[in-house]
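In order, the protein sequences belong to chains B and Z.
The first sequence begins at 1 in this note's numbering and counts up one residue at a time.
The second sequence begins at 1 in this note's numbering and counts up one residue at a time.
Backbone N, C-alpha and C define an ideal beta-carbon position, used for all residues, glycine too.
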Amino acid sequence: MKKLLSLPIMFIEKLLKLSCRDVSALASENLDHDLPFFKRLKLKLHLAICGACKNYQTQLEILKRMCASMGEEDSSVKQDISLSSPAKEKIKKALKH
Amino acid sequence: MKSQKIDSDQWVEQYGDMMFRYTLLRVRDTDTAEEIVQTAFVSALQSKDSFQGRSTEKSWLFGILKHKILDHFRDAKKNVRLDSIGDEDGDPLEYAYNKLGAWNKMPQHWRTDPAQAAENTELMQVLAGCLDGLSDKFRRIFVLKEIEGLSSEEICKEFDIQSTNLWVILHRARNQLKLCLETKWFDKK
Chain B
1 MKKLLSLPIM FIEKLLKLSC RDVSALASEN LDHDLPFFKR LKLKLHLAIC
51 GACKNYQTQL EILKRMCASM GEEDSSVKQD ISLSSPAKEK IKKALKH
Chain Z
1 MKSQKIDSDQ WVEQYGDMMF RYTLLRVRDT DTAEEIVQTA FVSALQSKDS
51 FQGRSTEKSW LFGILKHKIL DHFRDAKKNV RLDSIGDEDG DPLEYAYNKL
101 GAWNKMPQHW RTDPAQAAEN TELMQVLAGC LDGLSDKFRR IFVLKEIEGL
151 SSEEICKEFD IQSTNLWVIL HRARNQLKLC LETKWFDKK
């Protein structure tokens, strides 16, 4: 009976037993694929009580959004860079052949 | 475009710079980027009859360019093995945890949100600089996933990487970029 009662406690302990280092890896993994149910639950529970990890997760989201925006055809990044004149001439020449 | 005669000089003037910037962001090296842009233009000219006006000329050209960039990554995988994690690839954030894995150095709130950050041109330039600080292997994988927008499955299949290795590499690359952004931007604000 005692053993039976300790089961839910063991379950809760297992759910909460996750270091911030583990959580940071999970938060990152969460951006790359759907986490299995148990891992997702562990991550959510930890983030609900740990402000530092929540900040880390937001940092990753900011990074992700910036990268996606950088990848667009009209991205504002590297606007100061252009093809050199010799490179342009070389391409034009190649297109004439 | 079928009935139109292509003015290739005009093409290069109109789209050359933006295609070059787009490519350079992905491959880092100027000569390689120029070569890829040229290959894309030549291939577009050869297949100009396939352009049927369903998309704009620009998005058609960029479609071809994207294929050429992926071809480059495929060729490059012969030289750099992507599916390995060496000692030099350790987690750059390891110092921020104590022995128990709790934070020693708490991550701070960056006082911006994703949409705001993506519109901040200056901050985006800083990130572009940070990207160039990644090792070749990390940069390639990170670019394919986060800039080019390929799925994890596509990357694993195309580049023979195990998914667990992919996640570890992406996590470490993110940590390196996070630290770089803090040093060069957020900690200064």
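Under 8 Å, Cβ to Cβ, is there at least one residue of chain B near residue i?
| i | result |
| --- | --- |
| V27(Z) | no |
| K178(Z) | yes |
| G90(Z) | no |
| F20(Z) | yes |
| F41(Z) | yes |
| Q14(Z) | no |
| F73(Z) | no |
| Y95(Z) | no |
| W110(Z) | yes |
| M1(Z) | Confidence in M1(Z) is poor, its pLDDT being 45 and thus under 50, which makes the residue's placement too unreliable to answer from. |
| S47(Z) | no |
| L134(Z) | no |
| W103(Z) | yes |
| Q52(Z) | no |
So, does the CB of residue i fall closer than 8 Å to a CB anywhere in chain Z?
| i | result |
| --- | --- |
| K17(B) | no |
| H33(B) | yes |
| L83(B) | yes |
| L7(B) | no |
| A48(B) | no |
| K39(B) | no |
| L63(B) | yes |
| K92(B) | yes |
How should residue i be labelled, buried or exposed, when 16 other C-beta atoms within 10 angstroms of its C-beta is the threshold for buried?
| i | result |
| --- | --- |
| E29(B) | buried |
| P86(B) | exposed |
| I49(B) | exposed |
| S84(Z) | exposed |
| R140(Z) | buried |
| L127(Z) | buried |
| Q10(Z) | exposed |
| S75(B) | buried |
| R21(Z) | buried |
| L63(B) | buried |
| Q59(B) | buried |
| S59(Z) | exposed |
| P107(Z) | buried |
| K93(B) | exposed |
| R26(Z) | buried |
| G129(Z) | exposed |
In the structure shown, what three-state DSSP assignment does residue i receive?
| i | result |
| --- | --- |
| W167(Z) | helix |
| W103(Z) | strand |
| D91(Z) | coil |
| P8(B) | helix |
| I147(Z) | helix |
| M1(Z) | Residue confidence for M1(Z) is low, a pLDDT of 45 falling below 50, so the modelled location carries little weight; the figure read from the coordinates is stated next. M1(Z) falls in the coil class under three-state DSSP. |
| V23(B) | helix |
| H46(B) | helix |
| V77(B) | coil |
| S84(Z) | coil |
| N30(B) | coil |
| L179(Z) | helix |
I need the boundaries of the alpha helix (DSSP H) containing residue i, first residue and last residue.
| i | result |
| --- | --- |
| Y95(Z) | Taken as a continuous stretch (DSSP letters only), Y95(Z) belongs to no alpha helix (DSSP H), as it is neither H nor E. |
| N55(B) | 51 to 70 |
| S43(Z) | 30 to 46 |
| H72(Z) | 57 to 76 |
| D136(Z) | 136 to 142 |
| S8(Z) | 8 to 27 |
| S85(B) | 85 to 96 |
| F159(Z) | 152 to 159 |
| Q108(Z) | Element bounds for Q108(Z): n/a, residue is neither H nor E. |
| L123(Z) | 121 to 131 |
Legend entry - Three CB pairs or more closer than 8 Å across the region 136 to 153 of chain Z and the region 38 to 49 of chain B: no
Legend entry - Three-pair Cβ contact test at 8 Å for the region 52 to 63 of chain Z versus the region 97 to 110 of chain Z: no
Legend entry - Three or more C-beta pairs below 8 Å linking the region 170 to 181 of chain Z and the region 57 to 67 of chain Z: no
Legend entry - Inter-stretch contact (C-beta, 8 Å, three-pair minimum) for the region 89 to 97 of chain Z and the region 38 to 49 of chain Z: By the C-beta criterion, the region 89 to 97 of chain Z is judged not to be in contact with the region 38 to 49 of chain Z, since fewer than 3 inter-stretch pairs fall below 8 Å.
Legend entry - At least 3 beta-carbon pairs within less than 8 Å: the region 156 to 164 of chain Z vs the region 12 to 26 of chain Z: Output reads no: the region 12 to 26 of chain Z does not touch the region 156 to 164 of chain Z.
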